[in-house]
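Residue numbers (my numbering): 6 to 176. From the three backbone atoms N, C-alpha and C, an ideal C-beta is built for every residue, glycine too. Being a predicted model, the structure only gives us computed values, none of them experimental. Data block below; observations after.
Below is the structure:
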């Protein structure tokens, strides 16, 4: 939607919309393997989506095509609400539970696989705090890694490519 944007955190993390040998365009996340790092796709202010009904439907899922770079075996995918209650909470799962590969994989992740409670970062105490996800105010999707979990070559990023993120209903 109009007004959407991407942002990154952690060390030398970056992102780009680019072509690969197989597809054009894809969203590439270049994550710093020596830091806690991530790339977030934000829908923008006023563009929240309500996933409450979809969350209650066991056939609802988020789907996308994804491909990992060499040495990448652990990437988290998160769903986040907005900050309308003062805190932005995110619930996440590890894509290695769905098969990370250097080949293109069609991920279909049932919404019920995500926990009802997520975490938000408290700057005051420098700690993550648990909070219920506001499924009626979803605004962000994130790909992230933990420090030191991906054995990529020295100086190289932990790369994850994604395209065609959408909500689907499975039979």
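Nearest neighbour of residue i, chosen from the options [CA to CA]
i           : options             : result
residue 160 : 40, 88 and 66       : 40
residue 144 : 78, 22, 88 and 17   : 88
residue 70  : 113, 54 and 46      : 113
residue 47  : 174, 170, 68 and 80 : 170
residue 133 : 116, 123 and 148    : 123
residue 147 : 118, 8 and 43       : 43
residue 61  : 140, 12 and 84      : 140
residue 174 : 55, 116 and 84      : 116
Sequence-distant residues of the same chain with beta carbon closer than 6 Å to residue i, five excluded per side
i           : result
residue 72  : 109 and 166
residue 157 : 38, 76 and 163
residue 149 : 43 and 81
Residue range of the unbroken beta strand (DSSP E) whose run includes residue i
i           : result
residue 86  : 81-86
residue 165 : 163-174
residue 137 : 132-137
Cut-off 7 Å between Cβ atoms - residues of its own chain near residue i, not counting five sequence neighbours on either side
i           : result
residue 53  : 87, 142, 143 and 144
residue 152 : 39, 40 and 41
residue 105 : 73, 77, 78 and 80
Three or more C-beta pairs closer than 8 Å, one from the segment 85-93 and one from the segment 23-42: is that the case here?
Contact between the segment 85-93 and the segment 23-42 is absent, because fewer than three Cβ pairs lie under 8 Å.
Every unbroken beta strand (DSSP E) inside the segment 17-96 [3 residues or more]:
Listed in chain order, the beta strand (DSSP E) runs fully inside the segment 17-96 are 19-23, 31-36, 42-47, 65-73 and 81-86, counting runs of at least 3 residues.
Would you be able to state if there are at least three C-beta pairs under 8 Å between the segment 21-29 and the segment 129-139?
Fewer than three Cβ pairs drawn from the segment 129-139 and the segment 21-29 lie within less than 8 Å of each other, which leaves the two stretches out of contact.
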